[in-house]
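Let me begin by presenting the structure, written as structure tokens, before commenting on it.
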Amino acid sequence: MTVAGPGIAVVGGGFMATVHSRAARAAGARLVGVVASTPERSREVAASLGFERGYGSLDELLADPSVDVVHVCTPNALHAEQALAAIAAGKHVVCEKPLATDAATAERLVVAAAEAGVVGTVPFVYRFHPLVREARARVAAGDLGTLLTISGSYLQDWLLAQADDNWRVDSAAGGRSRAFADIGSHLVDLLEFITGTRITELTSTVRTFFAERANTPEVTTEDAAAVVIRLEGGAIGTLLVSQVAPGRKNRLHLEVAGTELSIGFDQEAPETLWLGRRSGTQVLPRDADQLHPDAARLSIVPSGHPMGYQDAFNAFVADSYAAMAGQSPDGLPVFADGLRTARITEAVLDAADTGRWEAIATSTDDEQRIIA
């Protein structure tokens, strides 16, 4: 017997709405409706993406009983307000990151979802590359030995020129942080997810290379951030995040070194995993026969048939809907993970402002406290 998927609606009509709608369709959801900047725009987006209708307002969307899940895909400053409204209406929520533009508001979202008994997830979708799961499984199995160092970066070039502009540049729409909140959040989430180890403290420096851009007369958000981290157990690491790196389109790279083995993952080449030993190196292909079970689960086409970003996003959305149906998929990023990255983002900016090391709580006790 075929089980009908959830009825979903999307808030926002830009690029991420397209990505979310593809993933929802792949997961078997019913694409009920869209609300965008105007009723006319809502109807245009609904027609282009294959939704049943365009809503005149968010209130109209939330009043629709056929909507089970709301995907929030709007500018950062709107995330919290819209997600809270969806939660109050009893809807499950998939909210783009950052979950909120400050950690205190992100905490409100965690509490609200828990009190309402709804599932809230955040698309840290790089967790869903099969070889990321393979790296995580090998760390958990002890293959690395004792964790020593981490080197990570997330580099893009789409804001390289002063003439380049976007709503994310404006702190009123994007929040206090830009580069780190937008892409650095993915890097630290991936780091902690793969290693199973939390950052305990950090120090940083950030730079805004253009004080003004084409449509933004005063730019206060960072173009780049360099961060030094300390982790549980004594490991140390460096992280570089930049949206002004020529030639780098979406290069998320993480290398984790232990006393026995190093593991390297490159999101722009996600079909292989680099394994380094003192006695030699190996490039492991995405081949289900060679992978741990969770990695093999996500490897949905045979080795040699490339998978990529949309596949990872599809898997994230499918697991989100499974959780909303009462299942417990492993590794699903939820609102507590969005809160975690919001706290780390604030620590990065605070450390840059003060020149000091900023401590970050490492246990889940605090997350448990706020939802108790």
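According to this note's numbering, the sequence shown is numbered sequentially starting from 16.
Just so you know, even glycine gets a beta-carbon here, dropped at the ideal spot from N, CA and C.
The structure displayed is predicted, hence computed values, not measured ones.
Exercise for the section: Between the Cα of A187 and those of A152, A92 and A194, spot the shortest distance and give me the residue it belongs to. Expected result: Taking the sequence shown and counting its residues from 1, the one referred to as residue 187 is at position 172. If we check each option's Cα against that of A187, A92 comes out closest.
Handout entry: Helix, strand or coil at R148 [DSSP, three-state]
Key = As a first step, residue 148 is located in the sequence shown; it is residue number 133 there, counting from the start. Three-state result, R148: helix.
Problem - Residues near A303 by beta carbon distance below 6 angstroms, same chain, minus five either side - result: Counting from 1 along the sequence shown, the entry for residue 303 is found at position 288. Result list for A303: A311 and S314, in chain order.
Exercise for the section: Please state whether DSSP places E286 in a helix, a strand or coil. Expected result: Within the sequence shown, numbered from 1, the residue matching residue 286 stands at position 271. Three-state DSSP puts E286 in coil, outside helix and strand.
Problem - alpha helix (DSSP H) runs contained entirely in the region 208-239, provided each spans 4 or more residues - result: Runs found: none.
Problem - Exposed unless 16 or more other CB atoms sit within 10 angstroms - verdict on V28 - result: Within the sequence shown, numbered from 1, the residue matching residue 28 stands at position 13. According to the sequence as given, residue 28 is Gly; it is not Val. By the 16-neighbour rule on beta-carbons within 10 angstroms, G28 is buried.
Exercise for the section: Specify the secondary structure class of H86 as computed by DSSP and reduced to three states. Expected result: The residue given as residue 86 occupies position 71 in the sequence shown. Three-state result, H86: strand.
Handout entry: Cβ contact check for the region 267-276 and the region 224-233: 3 or more pairs under 8 angstroms
Key = The region 267-276 is not in contact with the region 224-233.
Exercise for the section: Out of L99, A131 and A362, point me to the one whose CA is closest to I375's CA. Expected result: One-based indexing of the sequence shown puts residue 375 at position 360. Of the listed residues, the one whose Cα sits closest to I375 is A362.
Handout entry: Start-to-end residues for the beta strand (DSSP E) that takes in A24
Key = The count along the sequence shown starts at 1 and reaches residue 24 at position 9. Counted as a single uninterrupted DSSP element, the beta strand (DSSP E) harbouring A24 occupies residues G22 to V26.
Exercise for the section: Evaluate the contact criterion for the region 246-254 versus the region 159-166: three or more CB pairs, one atom per stretch, below 8 angstroms. Expected result: The region 246-254 and the region 159-166 touch, with no fewer than 3 CB-CB distances between them shorter than 8 angstroms.
Practice task
Flag this pair as yes or no: are the beta carbons of V133 and V184 separated by less than 9 angstroms?
Solution key: Within the sequence shown, residue 133 is the residue found at index 118, counting from 1. Within the sequence shown, residue 184 is the residue found at index 169, counting from 1. A distance of 9 angstroms or more separates the beta carbons of V133 and V184.
Exercise for the section: Go to V417, then tell me how far its alpha helix (DSSP H) extends in each direction, as first and last residue. Expected result: In the structure as shown, the chain starts at 16 and stops at 387, and residue 417 therefore has no counterpart that could be examined.
Handout entry: Assigned secondary structure, T377 (DSSP; H/G/I helix, E/B strand, else coil)
Key = Within the sequence shown, residue 377 is the residue found at index 362, counting from 1. Three-state DSSP puts T377 in coil, outside helix and strand.
Exercise for the section: Check the C-beta distance from D172 over to P317 and give it rounded, since I have them as a contact under 8 angstroms. Expected result: Position 157 of the sequence shown holds residue 172. Position 302 of the sequence shown holds residue 317. Actually they are not in contact, since the Cβ atoms of D172 and P317 sit about 33 angstroms apart, beyond 8 angstroms.
Handout entry: Residues bridged to R358 [DSSP beta-bridge criterion]
Key = As a first step, residue 358 must be located in the sequence shown, where it is residue number 343. Under DSSP, R358 takes part in no beta bridge, so it has no partner.
Handout entry: Among D345, D334 and T369, nearest to G43 - alpha-carbon criterion
Key = Residue 43 sits at position 28 when you count from the first residue of the sequence shown. When only C-alpha atoms are compared, the closest one is D334.
Problem - Span of the beta strand (DSSP E), counted from its first residue to its last, around G189 - result: As a working note, residue 189 is residue 174 in the sequence shown. Not the beta strand (DSSP E): G189 falls in the alpha helix (DSSP H), residues S186 to G189.
Handout entry: Beta-carbon contacts of L306 that lie in its chain and below 6 angstroms, excluding the five residues immediately before and after
Key = Within the sequence shown, residue 306 is the residue found at index 291, counting from 1. Within the same chain, E149 come within 6 angstroms of L306 by CB-CB distance, once the 5 residues on both sides are set aside.
Exercise for the section: Please specify which runs of the alpha helix (DSSP H), each continuous and at least 4 residues long, are wholly inside the region 295-330, giving them in chain order. Expected result: Those alpha helix (DSSP H) runs which fall completely within the region 295-330 and span 4+ residues are 308-313.
Practice task
May I ask you to report which of helix, strand or coil DSSP gives R45?
Solution key: In the sequence shown, counting from the first residue as 1, residue 45 sits at position 30. DSSP places R45 in strand when its eight states are reduced to three.
Exercise for the section: Answer yes if the region 325-344 comes into contact with the region 119-130, meaning at least three C-beta pairs across the two stretches below 8 angstroms, and no otherwise. Expected result: Remark: fewer than three beta-carbon pairs, one from each stretch, lie closer than 8 angstroms, so the region 119-130 and the region 325-344 are not flagged as touching.
Problem - Simplified DSSP assignment, three categories, for A272 - result: Taking the first residue of the sequence shown as position 1, residue 272 is located at position 257. Three-state result, A272: strand.
Exercise for the section: Using beta-carbon positions only, say whether V87 and F66 come within less than 9 angstroms of one another. Expected result: Locating residue 87 in the sequence shown gives position 72, counting from the first residue. Locating residue 66 in the sequence shown gives position 51, counting from the first residue. Not a contact, by the Cβ cut-off of 9 angstroms.
Problem - Cβ neighbour criterion (16 or more within 10 Å) applied to P21 - result: Within the sequence shown, residue 21 is the residue found at index 6, counting from 1. Taking every protein chain shown into account, the CB of P21 has 16 or more other CB atoms within 10 angstroms, so this residue is buried.
Exercise for the section: Enumerate in chain order the residues of its own chain whose CB-to-CB distance from D64 is below 6 angstroms, with the five nearest sequence positions on each side excluded. Expected result: Counted from its first residue, the sequence shown places residue 64 at position 49. Inspection of the sequence shows that residue 64 is occupied by Leu rather than by Asp. Taken in chain order, the residues that qualify are S36.
Exercise for the section: Check whether the Cβ atoms of L175 and R266 sit closer than 9 angstroms, and answer yes or no. Expected result: Here residue 175 refers to the residue found at position 160 of the sequence shown. Here residue 266 refers to the residue found at position 251 of the sequence shown. Their beta carbons are not under 9 angstroms apart, which means L175 does not touch R266 by this criterion.
Handout entry: Neighbour-count burial assignment, F195, 16 or more Cβ in a 10 Å radius
Key = Counting from one through the sequence shown, the residue named residue 195 turns up at place 180. With 16 or more Cβ atoms within 10 Å of its Cβ, F195 is classed as buried.
Problem - Through-space distance from A32 to A101, alpha-carbon basis - result: Position 86 of the sequence shown holds residue 101. Position 17 of the sequence shown holds residue 32. Straight-line Cα distance between these residues: approximately 17 angstroms.
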